[in-house]
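Everything below concerns the one structure shown next.
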Amino acid sequence: MPINKIVDSFDEAVADIEDGAVIMVGGFGTVVSTPSLLLEAVYRKGVKNLTTVSNSSGFGADVWKLQGAPFPEDMDILVRNERIKKAIVSAPVSALYVNNFEKLLRAGKVEIEMVPQGTLAERIRAAKAGLGGVYVPVGIGTVVEEEKEKKIIDGREYLLELPIKADFALIHAHKGDRWGNLVYRGTSRTFNPTMSGAARVTIAEVDEIVELGALDPECIVTPGVYVDRVVARPKVAPTQEGEITDHQALESKKRFENEIQESIRRAKERGMRDE
Amino acid sequence: MPINKIVDSFDEAVADIEDGAVIMVGGFGTVVSTPSLLLEAVYRKGVKNLTTVSNSSGFGADVWKLQGAPFPEDMDILVRNERIKKAIVSAPVSALYVNNFEKLLRAGKVEIEMVPQGTLAERIRAAKAGLGGVYVPVGIGTVVEEEKEKKIIDGREYLLELPIKADFALIHAHKGDRWGNLVYRGTSRTFNPTMSGAARVTIAEVDEIVELGALDPECIVTPGVYVDRVVARPKVAPTQEGEITDHQALESKKRFENEIQESIRRAKERGMRDE
Amino acid sequence: MSDNLQAKEKLDRQTVALRVAKEFQDGNVVNLGIGIPMLASNFIPAGREVIFHAENGVLGFGEVTPSGEGDLDLVNAGGQTVKPQPGMCFFSHDESFAIVRGGYLDISVMGAYQVSEKGDLANYMVPEREVGTIGGAMDLAFGAKKLIIAMNHTTKDGEPRIVRKCSYLLTAPECVDLIVTDIAVIEVTDRGLVLKEVAPGWTPEDVQSLTEPTLTVDPDCHDIELV
Amino acid sequence: MSDNLQAKEKLDRQTVALRVAKEFQDGNVVNLGIGIPMLASNFIPAGREVIFHAENGVLGFGEVTPSGEGDLDLVNAGGQTVKPQPGMCFFSHDESFAIVRGGYLDISVMGAYQVSEKGDLANYMVPEREVGTIGGAMDLAFGAKKLIIAMNHTTKDGEPRIVRKCSYLLTAPECVDLIVTDIAVIEVTDRGLVLKEVAPGWTPEDVQSLTEPTLTVDPDCHDIELV
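Protein sequences, first through last, are from chains A, B, C and D.
Counted the way numbering that gives the first Met the number 0 counts, the first sequence spans residues 0 to 274.
Counted the way numbering that gives the first Met the number 0 counts, the second sequence spans residues 0 to 274.
Counted the way numbering that gives the first Met the number 0 counts, the third sequence spans residues 0 to 226.
Counted the way numbering that gives the first Met the number 0 counts, the fourth sequence spans residues 0 to 226.
Dropping the structure here:
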């Protein structure tokens, strides 16, 4: 019987994600590389107390709409709806404005484990590759070393960093086939190939599903064995009201615009760094 | 000034490899994936006491000629000419016949560190990625664990495996450009992309040099930053006598054929396994 | 070995490979070692999709090509040229073994010198030769969800290869799930070795007489099924 | 800050970026942080080949596109769309940081809140805000062969940002090589901070008065060179 990892809907793709699950979410933050429709489906399903693993905490749909992204949701949909119990994250807050994650953090509504970006990538890869841990030199002499085992190897100091394995990895790719083979597009790779295979179940949201054999075997980035489900984005972007059922999202554009203006003003007053 | 990593000859490409150097050699063993002409150039240069890092110890040029490979040398050129002081290797000997490496080993003329194949790949990658070490579960309960630090992580036992960094990595790729970007062909990738960047100097022997921009940015396997020198194979295979200056190679075909028949006979007598 | 047993016919290599191939289920990701295991790729039932992995960095390749017809840049780990197949992809050695060590192989099939009653595997070094080749065997034995050993039941001299304790150096401890030999199919379980199938003409007692540890005979023990 | 200094003109952001760009040599692999550092990509002299790296997984991209013209799948780490360029390639996040941590970046340029006289860097968390974002800063500060900080010399209130000891949490200890500010260029050396260049109209004494640790004035100290 032919292998077929294609599922028909986003809701079906995330149907077995339960409260308290550990989910990895691909993408970067400042680039369109996030599994937007899978995140919406997770939100719709109503699961809570999630542990999330992601590079950033999201900007919110409005920022992406302004940029012209047809599928605008990002991690913020789980943040602003308070679905996250603990976030393992590299870039949780913004230097420019107070994002929704920072508000939850200040309110004591979310736990955080902040991880240097490269260490985050390496810990995720370690889980995929079946390693017990890796010694990383980054973070020595900073808060990152707290409570971590240190070791001097060949005269240099390293921190023991443990694998991060998830129940589900939600990723975004450009094209996929029924075996789960994936290719990406440009700078949208980011954490997506890294996370593929680092979870018990990897679910890929793709721009397009293609016939088996249509992807050049020399150019496949993620071998299908890492991927469990493939689900395609609709060809045409949904209307905003029809698809995004979260009414907060519909109001957040104005809020965001006010906020970013205000926070830029405050940042300038404080002589905030450029970074 | 344009970046130009292309060098004109194999001898020039290896000119700074000195006695006692640690060199990684890409390829697998049973597939044509070896930097044959770089190995010939290293042999011609006359360096000795090398520490080599490779998957296998080579079959010798004749086996590859029989298979129709136009550039037939492999690790055996350094083995049979006794240029190796120590070999870090996964598959040093053959189950079917006594190869040249085994003869040196029995004669006490070479040291060996035998490493499981996946651990070898991971230790090489660790060097490239700037890690101090990785905890690997493979080898627990075997001779591989001897003298290695063990650690129980999350209830499972692991061995601390240290990075392997070389002075030079000699690799084979299909196409390369003047920035050092590389693509491979089919199953000839093997250790070549893994080793690229795991040495102070990475030297790529390519089937063809192409214009910058000719390689699809989505399909480049080895980013040019890992590669220091690119040297092209001649379009036409050299005549055997002209190129291979090692007279032992010229005689080894007969020797090999006798040996393999003899050893297959012996192996059958002993009920040697199929593996 | 008694003269009685010596007269009995053992399965040939192709037939052992055929029996091994029966273990491959739809969608399984399978790595085949050199020798009998690789022959198993010829016996996949029509319509069954099995994805073959080879250590040199390929998933999803097709059949072995007729001699002399293949592309030297498309070979399995044994160096046999194979056919391209839709869905195939290539990758580096570190990725290849991330797949193995990370638990993405459903089945690995390899040969052995010895297997113990606990499923310990010895297949890389024979003491009389003093050297051996680990290659990918330790990774594969560790990483595959199911490890199948395909081998002759005894040495040429009739000594058991299924033993209480391996006398040869271990490739990996407690890793073997199923042993397919030229006279029997034996499962390694928590309660020891269970004899599941015997070659036509062989009895469980015959098999036990060539096996060092005590075998539990499965109540359903039957002739090796080849169809 | 004295009224005298307040009246002196500081370099604008573009000019600081221009001075930073002078550090990029032919063939350098360079990562630019968000803000002033990213502006530096506009000031590469014609004919000089510099390869830009961005954390999101790209090497060798071209200029920032005019607003509204770019492809959202071809952006730098700040989210600005950039032009494709021959030689460019894409890769995953783990590979991107293998390149950073493995020492393949010649230069990383980023902003800072504070730099200490030993080259300690603090740029991810301001105590009054209690939270911060590590992002890729720790990896980049650790991995780059040369770390250049581009920042204003003082806070808005005139407090020095170049300090004896950072009061803010560290991004990495002893990592900064060169500090380019709106009034000076300072090198971090084994014998402390060395003042190499000053903004036009500024004296070494002026710069020292806005800097906490003692500066060694380079014998060749001169006005910042912008051509």
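Glycine included, every Cβ here is placed at the ideal spot set by N, Cα and C.
Item	Value
Sorted by chain position, which residues of the same chain lie with C-beta nearer than 8 angstroms to A:Phe9's C-beta, five sequence neighbours on each side aside?	Leu36, Leu37, Glu39, Ala40, Glu204 and Val230
Exposed or buried, B:Met0, counting other C-beta atoms within 10 Å across all chains shown (16 or more means buried)?	exposed
Which same chain residues, not among the five before or five after C:Phe90, have their C-beta less than 6 angstroms away from its C-beta?	Gly56
Ordered along the chain, which non-local residues of its own chain (more than five positions away) have a Cβ less than 8 angstroms from that of B:Gln247?	Here B:Gln247 scores only 44 on pLDDT, less than 50, and its place in the model is too uncertain to base an answer on.
Under 7 angstroms Cβ to Cβ from C:Gly200, same chain only, skipping five residues before and after it: list those, please.	Lys7 and Glu8
In chain order, what are the residue ranges of uninterrupted beta strand (DSSP E) at least 3 long that sit wholly in the segment 27–66 of chain B?	49–55
Nearest to B:Phe190 by CA position, among B:Glu17, B:Val6 and B:Ser55, is which residue?	B:Ser55
Considering only the beta carbon of each residue, do D:Phe51 and D:Asn30 sit closer than 9 angstroms?	yes
For D:Ile35, does the count of other Cβ atoms within 10 angstroms reach 16, so buried, or fall short, so exposed?	buried
Between which two residues does the beta strand (DSSP E) holding B:Leu103 run?	That residue, B:Leu103, is in no beta strand (DSSP E); its alpha helix (DSSP H) goes Asn99 to Arg105.
Report yes if the C-beta distance between C:Ile223 and C:Leu58 is below 9 angstroms; otherwise report no.	no
Strictly under 9 angstroms for the Cβ-Cβ distance: is A:Ile163 near chain B by that measure?	no
Looking only at C-alpha atoms, which of D:Glu54, D:Thr180, D:Ile33 and D:Val226 sits nearest to D:Ala97?	D:Glu54
Alpha carbon to alpha carbon, how far is C:Glu127 from C:Asp205? Give it in angstroms, no decimals.	29 angstroms
Based on the DSSP secondary-structure assignment, which residues constitute the bridge partners of C:Gln113?	C:Ala121
Between the segment 75–84 of chain D and the segment 145–153 of chain D, are three or more C-beta pairs nearer than 8 angstroms?	no
Looking at the structure shown, is D:His92 part of a helix, part of a strand, or coil, going by DSSP?	helix
For B:Lys164 and B:Arg199, what's the separation of their Cα atoms in angstroms?	8 angstroms
Can you pull the chain C residues whose beta carbon is under 7 angstroms from the beta carbon of A:Leu211, in chain order?	Pro85 and Gly86
Mind listing which residues of the segment 88–101 of chain C have their C-beta closer than 7 angstroms to chain A's C-betas, in chain order?	Cys88, Phe89, Phe90, Ala97, Ile98, Arg100 and Gly101
Under three-state DSSP, which class holds D:Val162?	strand
Measure the beta-carbon distance from B:Val182 to C:Arg100 and round it to whole angstroms, keeping in mind my assumption that it falls under 8 angstroms.	About 26 angstroms; that fails the 8 angstroms criterion.
Determine contact between the segment 158–176 of chain D and the segment 151–159 of chain A, defined as no fewer than three beta-carbon pairs at a distance below 8 angstroms.	no
Just to confirm the assignment: which complete beta strand (DSSP E) runs, minimum length 3, are found wholly within the segment 175–220 of chain C?	177–180, 183–188 and 191–197
Quick check: is the beta carbon of B:Lys44 nearer than 9 angstroms to any beta carbon in chain A?	no
Can you round the beta-carbon distance between A:Pro34 and A:His171 to whole angstroms, since I take them to be within the 8 angstroms contact cut?	4 angstroms
What beta strand (DSSP E) runs, 3 residues minimum, are completely inside the segment 13–69 of chain C?	28–31 and 50–53
Would the segment 182–199 of chain C count as touching the segment 211–223 of chain C if we require 3 or more Cβ pairs under 8 angstroms?	yes
Which one of B:Val92, B:Ile2 and B:Val6 has the shortest CA to CA distance from B:Asp75?	B:Val92
Once you ignore the five residues that flank A:Arg122 on each side, which residues in its own chain have a CB closer than 8 angstroms to its CB?	Val114, Val133, Glu160, Leu161, Pro162 and Ile163
Check whether the Cβ atoms of A:Thr51 and A:Ala14 lie closer than 9 angstroms to each other.	no
Cβ of C:Phe42 less than 9 angstroms from any chain B Cβ?	no
Taking the beta strand (DSSP E) that B:Arg199 falls in, what are its first and last residues?	Ala198 to Ile208
Determine the chain D residues that contact B:Tyr183 at a beta-carbon separation under 7 angstroms, and present them in chain order.	Residues of chain D passing the Cβ test: none, with the nearest at roughly 14 angstroms.
Can you give the Cα-Cα distance for D:Val216 and D:Leu177, rounded to whole angstroms?	14 angstroms
Which of the three DSSP states, helix, strand or coil, is assigned to B:Lys127?	helix
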